[in-house]
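Heads up: the structure comes next, in structure tokens.
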Amino acid sequence: MTSMTETFHQALQNALAGRDTVSIRGTLIEMLERDPSGAEISAAHKAARRIAGDGEAVLISLLPDQAGADAYVSTARGAGRRASKYLTVDEKIIKDLPCRIELATDRWDALIDEGMRLTQHKIESDPVLSVLLPCWKAEPQSPQPHGPRTHSAG
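Start counting at 1 in the sequence shown, then tack on 1, and there's your number in my numbering.
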């Protein structure tokens with residue numbers, strides 16, 4: 002018998018085959034044709050972390066307006082201002098910080114570092130951002146010898 006995590010792992014991989022960025026919750030809703038339970042969401046997040054850990058995509062948190070037209074937006078009050086978890090292989094989204102990268106492997110380091118440098122340049126060249134974010138400094142990730150790790154920015 003296939004576990005929930007394995008089923009959701011396959012569903013997320015299938016969704017990624019058709020789109021560059023997929024909402025984890027949105028994919029569950031499409032698959033189940035209903036709102037997922039807490040256990041189902043947890044299993045899907047575990048599957049998404051495994052996909053990111055394998056280097057197939059990057060696990061990120063985005064606000065709905067950062068994720069584009071296909072973004073999942075909950076109908077709950079205030080949900081339009083809350084971040085959701087996505088899997089993406091879209092280089093533009095990964096570089097266009099601020100987004101919070103939850104999990105990425107070494108395979109994505111150069112792209113993440115480039116995004117951090119671009120963000121630092123945007124902040125330094127914009128007087129308003131410089132005033133609002135005076136302590137923000139992009140620091141390229143140092144190479145680490147073992148597999149996946151988390152990156153945070155913004």
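Ideal placement from N, C-alpha and C gives every residue a C-beta, glycine not left out.
| Check | Outcome |
| --- | --- |
| Meets three-Cβ-pair contact criterion under 8 Å: the region 106 to 122 and the region 44 to 51 | no |
| CB contact flag (C100, I52, <8 Å) | no |
| Continuous beta strand (DSSP E) stretch holding L63: start and end | 59 to 63 |
| Exposure of S24, with buried meaning 16 or more beta-carbon neighbours within 10 Å | buried |
| Buried or exposed (CB count within 10 angstroms, at least 16 for buried), S38 | exposed |
| Extent of the continuous beta strand (DSSP E) to which R101 belongs | 101 to 104 |
| Identity of the residue in T3, D127, A18, Q11 nearest T89 by Cα | A18 |
| Counterpart residues of S131 in DSSP-defined beta bridges | Paired residues: none, contrary to the question. |
| Closest by C-alpha distance to T8, when choosing among T22, L33, G56 | L33 |
| Bounding residues of the beta strand (DSSP E) (the contiguous stretch that carries T89) | 85 to 89 |
| Span separating the alpha-carbon of I30 from that of E41 | 10 Å |
| Simplified DSSP assignment, three categories, for R24 | The residue you asked about is not Arg; residue 24 is Ser in the sequence shown. S24: strand per DSSP, three-state reduction. |
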